[in-house]
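Residue numbers (UniProt numbering): 1 to 286.
From the three backbone atoms N, C-alpha and C, an ideal C-beta is built for every residue, glycine too.
Structure record follows, encoded as structure tokens.
Quick look at the structure:
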């Protein structure tokens with residue numbers, strides 16, 4: 001008897017209360033696709049309740065649906081699906097936010113209810129910027145970089161050599177077991193501590209997340225041997241040339257090519273007469 005009366009009372013109260021529910025409180029959608037934010041009225045007695053949607057981003061609310069009209073940045077990109085769900089027709093990355101569905105029913109004993117829905121718009125990565133050294137000597141370190149900043153959630157990175165994916169641990173693949181490198185899927189870096197001849201090849205990187213992937217074009221990295229004998233021979237040649245130049249300059253100096261000419265008697269000129277002085281010849285000069 002008691003249980004029956006309790007159920008009757010609970011049923012009576014629920015018919016006098018607006019109650020909302022959703023099928024998905026944390027939906028996600030790829031950019032430029034459609035998504036429905038479900039807000040279903042489970043219980044209500046008011047014939048024409050007031051329905052509002054608000055977008056909350058960075059703690060600041062703004063109206064999305066008010067006065068039976070779509071407003072704000074979703075204007076012309078969204079609609080209401082009866083009775084209260086919000087459909088975004090062309091989601092963009094700026095639509096990632098919390099959305100609050102609010103229903104007011106004046107004729108109900110519990111006249112107000114709300115549901116918070118967190119929407120994530122996933123963005124496909126753009127073509128990453130890849131940096132691959134053109135040539136590296138055997139035994140020297142080398143770094144390859146890959147980065148893109150548009151994808152959401154944040155991209156993970158894969159590196160490939162000659163179309164073969166490079167594993168995080170080189171020991172896991174017989175094709176890379178002799179390589180010594182560290183690979184970061186989060187940062188997009190591939191670092192060789194000491195390159196080997198077999199590390200030469202075409203490298204490219206792929207940025208990937210739940211929305212899709214993009215990759216840069218392949219770039220060739222050559223690995224060459226250091227010619228020690230050639231370097232020594234080059235140094236000897238340069239030193240020999242410098243010695244020849246120094247000896248030549250010394251010989252030229254000894255032969256007087258860098259000495260200034262001295263004044264001779266033929267170049268001597270008598271000083272000019274001083275102003276106001278008459279020059280008188282003596283008898284010996286006649």
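- Residue 87 has 36 and 79 as its beta-bridge partners, per DSSP.
- In chain order, 166, 167 and 170 place their CB closer than 7 Å to the CB of residue 176, counting only its own chain and leaving out the 5 sequence neighbours on each side.
- If you look at residue 191, you'll find it in the beta strand (DSSP E) that goes 189-192.
- Residue 160 places its beta carbon 8 Å or farther from that of residue 91.
- Short of 7 Å from the beta carbon of residue 77, and not among the five residues preceding or following it, lie these beta carbons of its own chain, in chain order: 88, 89 and 90.
- In terms of Cβ geometry, residue 203 and residue 138 do not form a close pair [threshold 8 Å].
- Counting C-beta pairs closer than 8 Å gives three or more between the segment 205-218 and the segment 117-132, which meets the contact rule.
- Residue 107 sits in coil when the DSSP states are folded into three classes, being neither helix nor strand.
- Scanning its chain for C-beta atoms nearer than 7 Å, with the 5 sequence neighbours on each side dropped, one finds around residue 49 the residues 18, 103, 104 and 105, in chain order.
- By the CB criterion at 8 Å, residue 200 and residue 180 fall outside the cutoff.
- For residue 152, there is no enclosing beta strand (DSSP E), since its DSSP letter is neither H nor E.
- Excluding its 5 nearest sequence neighbours in each direction, residue 220 has C-beta neighbours in its own chain below 6 Å: 202, listed in chain order.
- Between residue 118 and residue 61, the C-beta gap is not smaller than 8 Å, which leaves the two residues out of contact.
- Non-local beta-carbon contacts of residue 222 in its own chain, meaning distances under 6 Å to residues more than five positions away in sequence, involve 135 and 200 in chain order.
- Taking a 10 Å sphere around the C-beta of residue 182, we find fewer than 16 other C-beta atoms and assign the residue as exposed.
- Counting the other Cβ atoms within 10 Å of the Cβ of residue 158 gives 16 or more, which makes it buried.
- Pairing residue 208 with residue 30, the inter-Cα distance amounts to about 14 Å.
- Here DSSP, grouped into helix, strand and coil, assigns residue 132 to coil.
- A distance of 8 Å or more separates the beta carbons of residue 163 and residue 100.
- Counting only residues of its own chain and dropping the five nearest sequence neighbours on each side, residue 107 has a CB closer than 7 Å to the CB of 45 and 46.
- Of all alpha-carbon atoms in 83, 114 and 56, the one lying nearest the alpha-carbon of residue 96 is that of 56.
- Apart from the 5 residues on each side of it in sequence, residue 28 sits with its Cβ closer than 7 Å to the Cβ of 120 and 122 in its chain, given in chain order.
- For residue 114, the CB contacts under 6 Å within the same chain, skipping 5 residues up- and downstream, are 100 and 102 in chain order.
- Rounded to the nearest angstrom, the Cβ distance from residue 41 to residue 84 is 6 Å, consistent with a contact under 8 Å.
- For the 8 Å CB-CB criterion, residue 190 and residue 144 form a contact.
- Listed in chain order, the non-local C-beta contacts of residue 210 below 7 Å within the same chain comprise 122 and 153, local neighbours out to five positions each way being set aside.
- Just so you know, the alpha carbons of residue 21 and residue 43 end up roughly 10 Å apart.
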